[in-house]
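Top line first, the protein sequences correspond to chains A and B.
Residues in the first sequence are numbered from 399 upward in steps of one, following the working numbering.
Residues in the second sequence are numbered from 200 upward in steps of one, following the working numbering.
Here a beta-carbon is modelled for each residue, glycine too, at the ideal position from N, C-alpha and C.
Structure, as structure tokens:
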Amino acid sequence: MSGVLAPVIEPGFFTSAPVHLALLIGGVVAVVSGVVGMFTVMRGQSYAGHALADLSVTGGSGSVLIGISPLWGFAGVSVAAAGIMDLIGVQRPRGRDLATGIVRGAGLGLAALLLYWDTTHTSATGTTITILFGSMFTIDASVIPVVIAFSLAAVIIVIALYRPLLLSSVSSDLAVVRGVRPRAAGTACLIAIALATSLSALTIGAILSTALLVGPAAAALRLTSRPGLVLAWSALIGLAATWLGILLAYDSYYWPPAGHGWPVSFFVVVLILVFYLLAQARPGSGRRPAPAEGQPGCSPDS
Amino acid sequence: MMTDHRAALGPDEMLAVDGVTVRLGGREVLHDVRFSIRPGEFVGLIGSNGAGKTTLLRVILGLLAPAAGQVSTGPGGIGYVPQKIALDPDIPLRARDLVGLGLDGNRLGLPLPSRSRRARVDEMLSAVDAAHLAGARVGHLSGGEQQRILIAHALVSRPGLLLLDEPLANLDIASEQEVVALLAGIAREQHISVLISAHDMNPLLPVMDRIVYLAGGRAASGPTDEVVRTDVLSDLYGQHVDVIHVHGRVLVVAGRGDGLGLPAEPAAPLAG
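What follows is the structure in structure tokens.
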């Protein structure tokens, strides 16, 4: 441990093909999650994001059974689930948790069955671990075009609806008066969240995918009040956590027990937590408490 | 969404509410409400809690369809300041961002930096004495400060009509007078019609041109001294009420003389 860079960047890091692919796909997914994550956190839909991620387990495990990339299953099921949750009232704060919880419970039950079949009926080993906790170094290069397409779709949705979503987060009445259709904007946003969670399910695993969606955005919200800068910080923090995580996982091949690298997802999630805590602890992030009269729950009529 | 039949508007009207009846959950909340507002007029919409003030404002805004009747508004659109809304401290939005959304919150894509847009936002922030709050996150501001930012948000698109839902609720007396003076000044300078709802008419008495008084789902409107009278309000409430003038304040009390509310609304003091 005498050199400066050698212990940090192990030999071969920059020449390994799986590392290149991990850096590319992981980086794209981190940026998408960071951008979509700002709207997830701002709209209070973190729980919906969690549920969509859990549900993508169902799709991922189903995909393995029929022999296609788990990404299709992740995205197909979570976009469909987003539509169902939207239909049964995920937009209304009161109905939201209930609707989300019911759909999530049913989906995870099905996932239990599919994962069981995956391990008993197919030759794929480690499927359960891959679906739940990701596999950054074993991603098949053939999914790159799909990753790019889903990424563009998710980012275009939230950037196009940037102002309508900001305004409807403040108040849906104000948005309607300004000519926004908050319901339609909310549905589109939920689909973007579903796409982002399925992308991060591919890289850091379905169970952990909301860490990438919610963590960097939550940290960015502590750093600045300018909405444009929050987007940039959120993407940057996600990217830093992912790339550093890949580096550490690569290095960990030489850590005990030697010859078995630690999972990338572990490092990514830990780094996100570290960044979040740093943002919280940052001097000047001490916040004035919200005024009591600004609380929700007022009656609709005067 | 917005009912806008200019033909139904009189030559000198900014808003005409014509026979509006609203039923919510089988109950008739408003019955045949009719009144009109002229350009530049400052009108108080007065009624106790539950009288239907918010419902009427929502009908005027097109957020709620009436069972009968129609609403006609003049040119320039409507600005709206909702009743105490929750401005979440987690929403990354500075005061100037929220005011800017009043200008182009419905547009797609990222807002491009524009000198004229910025100047307009700065001008509105100054008009509500909030220039110093421009860079502050709205969720961190006090209730009175948020109120002023929301007023700037509503006015930045230069509407012809401004609707405010209970803007004085939850304000202390000093901020109450401040907001009333601010609104009256803006209405006069920018020649905007203002319809402001309140459960207490007293803070508005010095600036109100006319009053729309809601009780029992019905409305009486006209100059304040022609509406706030024992005979008019007793007819509206459907029981005897007294209008009492005390030290320049107006109190409307139920006939029982206990100063409390009507039997139908035992806990709420009457408007005024």
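Exercise. Is the CB-CB distance between D217 (chain B) and Q282 (chain B) below 8 Å?
Worked result: Working through the second sequence from its first residue, we reach residue 217 (chain B) at position 18. Working through the second sequence from its first residue, we reach residue 282 (chain B) at position 83. Their beta carbons are not under 8 Å apart, which means D217 (chain B) does not touch Q282 (chain B) by this criterion.
For this session: Compute the Euclidean distance between the alpha carbons of A285 (chain B) and P291 (chain B), then round it to the nearest angstrom.
Result: Taking the second sequence and counting its residues from 1, one reaches residue 285 (chain B) at position 86. Taking the second sequence and counting its residues from 1, one reaches residue 291 (chain B) at position 92. Near 14 Å, if we compare the C-alpha coordinates of P291 (chain B) and A285 (chain B).
Exercise. From B:G239, B:L381, B:M400, B:H446, pick the residue whose C-alpha is nearest to that of V426 (chain B); which is it?
Worked result: Mapped onto the second sequence, residue 426 (chain B) falls at position 227. Checking every option, the nearest Cα to that of V426 (chain B) belongs to B:M400.
For this session: Could you say which of A:R576, A:C587, A:R620, A:L610 lies nearest to G275 (chain B) if we only look at CA atoms?
Result: In the second sequence, residue 275 (chain B) corresponds to position 76, counting from 1. The shortest C-alpha separation from G275 (chain B) is found at A:R576.
For this session: Below 6 Å CB to CB, which residues in the same chain sit around V541 (chain A) once its five sequence neighbours on both sides are set aside?
Result: By 1-based counting over the first sequence, the position of residue 541 (chain A) is 143. A distance below 6 Å between beta-carbons, with the five flanking residues on each side excluded, links V541 (chain A) to the following residues of its chain, in chain order: S467, L469.
Exercise. What residues from the stretch 419-444 of chain A come within 8 Å of chain B, judged by C-beta to C-beta, listed N to C?
Worked result: M436, V439, M440, G442
Exercise. Mind pulling the chain A residues with CB within less than 7 Å of N401 (chain B)?
Worked result: Here residue 401 (chain B) corresponds to residue number 202 of the second sequence, with the count starting at 1. Identification of chain A residues near N401 (chain B) by a Cβ-Cβ cut-off of 7 Å yields none; the smallest Cβ-Cβ distance measures about 17 Å.
Problem set entry | Chain-ordered residues of the stretch 306-325 of chain B with a beta carbon less than 9 Å from chain A | Under the 9 Å Cβ criterion, the stretch 306-325 of chain B contributes R306, L307, G308, L309, P310.
Problem set entry | Cβ pair count under 8 Å reaching 3, the stretch 579-592 of chain A against the stretch 470-481 of chain A | yes
Problem set entry | CB-CB length for T595 (chain A) against L621 (chain A), believed under 8 Å | Working through the first sequence from its first residue, we reach residue 595 (chain A) at position 197. Working through the first sequence from its first residue, we reach residue 621 (chain A) at position 223. Actually they do not touch by this definition, with Cβ atoms about 23 Å apart.
For this session: Give me whichever residues DSSP pairs with D217 (chain B) in a beta bridge.
Result: Position 18 of the second sequence holds residue 217 (chain B). Answer is B:Q269, bridged to D217 (chain B).
Exercise. At least one CB of chain A closer than 8 Å to the CB of P291 (chain B): is that the case?
Worked result: Position 92 of the second sequence holds residue 291 (chain B). Answer yes: the Cβ-Cβ gap between P291 (chain B) and chain A drops below 8 Å somewhere.
Problem set entry | Per-residue DSSP class, three states only, for S623 (chain A) | Here residue 623 (chain A) refers to the residue found at position 225 when the first sequence is read from its first residue. Three-state result, S623 (chain A): coil.
Exercise. If you follow the beta strand (DSSP E) that S396 (chain B) is part of, which residue opens it and which one closes it?
Worked result: Counting from 1 along the second sequence, the entry for residue 396 (chain B) is found at position 197. For S396 (chain B), the uninterrupted beta strand (DSSP E) segment begins and ends at 392-397.
For this session: Spell out whether any CB of chain A is found under 8 Å from the CB atom of I284 (chain B).
Result: To locate residue 284 (chain B), count along the second sequence from 1; it is residue 85. Flagged as an interface residue toward chain A: I284 (chain B), by a C-beta distance shorter than 8 Å.
Problem set entry | Per DSSP, the bridge partner or partners of E227 (chain B) | The residue labelled residue 227 (chain B) in the question sits at position 28 within the second sequence. Paired residue(s): B:R222.
Problem set entry | Buried versus exposed call for Q678 (chain A) [16 or more other C-beta atoms within 10 Å across all chains shown] | Taking the first residue of the first sequence as 1, we reach residue 678 (chain A) at position 280. The residue in question, Q678 (chain A), is exposed, as its Cβ has fewer than 16 Cβ neighbours within 10 Å.
Exercise. Going along chain A in order, which residues have a C-beta closer than 7 Å to the C-beta of D328 (chain B)?
Worked result: Translated into the one-based positions of the second sequence, residue 328 (chain B) becomes position 129. Neighbours of D328 (chain B) on chain A: none; closest Cβ ~18 Å, over 7 Å.
Exercise. Any C-beta of chain A sitting closer than 8 Å to the C-beta of I147 (chain B)?
Worked result: Since the first residue shown for chain B is 200 and the last is 471, residue 147 (chain B) is missing from the structure and cannot be characterised.
Exercise. Looking at C-alpha atoms only, which residue of A:A415, A:L530, A:A638 is the closest neighbour of L597 (chain A)?
Worked result: Locating residue 597 (chain A) in the first sequence gives position 199, counting from the first residue. The shortest Cα separation from L597 (chain A) among A:A415, A:L530, A:A638 belongs to A:L530.
Problem set entry | Rounded Cβ spacing between L435 (chain B) and R417 (chain B) (contact assumed at less than 8 Å) | Counting from one through the second sequence, the residue named residue 435 (chain B) turns up at place 236. Counting from one through the second sequence, the residue named residue 417 (chain B) turns up at place 218. Yes, they are in contact, since the Cβ atoms of L435 (chain B) and R417 (chain B) sit about 6 Å apart, within 8 Å.
Exercise. In terms of residues, what are the limits of the beta strand (DSSP E) holding H279 (chain B)?
Worked result: Your numbering for residue 279 (chain B) matches position 80 in the second sequence. The sequence given here has Tyr at residue 279 (chain B), not His. Its beta strand (DSSP E) spans residues 277-280.
Exercise. Which ranges does the beta strand (DSSP E) cover as unbroken runs of at least 3 residues, wholly within the stretch 443-512 of chain A, from first to last along the chain?
Worked result: none
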